[in-house]
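537 is the number that our numbering gives to position 46 of the sequence shown; each next residue is one higher, with no gaps.
A virtual CB, placed ideally from N, CA and C, is assigned to each residue, including glycine.
Remember, predicted model here, so these are calculated numbers, not experimental data.
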Amino acid sequence: MNAKSNKKLKLTLIKSLIGTKRSHRATIKGLGLRKINSVSELEDTPAIRGMVQKVQYLVKCE
492 MNAKSNKKLK LTLIKSLIGT KRSHRATIKG LGLRKINSVS ELEDTPAIRG
542 MVQKVQYLVK CE
């Protein structure tokens, strides 16, 4: 399909979810992150980028 489909984003949860909005906790769960310092590698798609932008204060993206 896309030539870009081989690109990956490596996400690391760097902050606690305590005290965050429920929708932000759900977004983190949807990204496949659980505990602090957990890592998830995901395809670089517009949907994933939107999710990362929503919770950018909680994650580190490489």
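DSSP beta-bridge partners of residue i
i	result
residue 514	For residue 514, which the question treats as bridged, DSSP gives no partner whatsoever.
residue 501	532
Contact check, residue i vs residue j, beta carbons under 8 Å
i	j	result
residue 502	residue 531	yes
residue 504	residue 529	yes
residue 512	residue 549	no
residue 542	residue 522	yes
residue 539	residue 533	yes
N- and C-terminal bounds of the beta strand (DSSP E) containing residue i
i	result
residue 550	550-552
Bounding residues of the alpha helix (DSSP H) (the contiguous stretch that carries residue i)
i	result
residue 543	537-545
Counted within 10 angstroms of its Cβ, other Cβ atoms place residue i as buried (16 or more) or exposed
i	result
residue 519	buried
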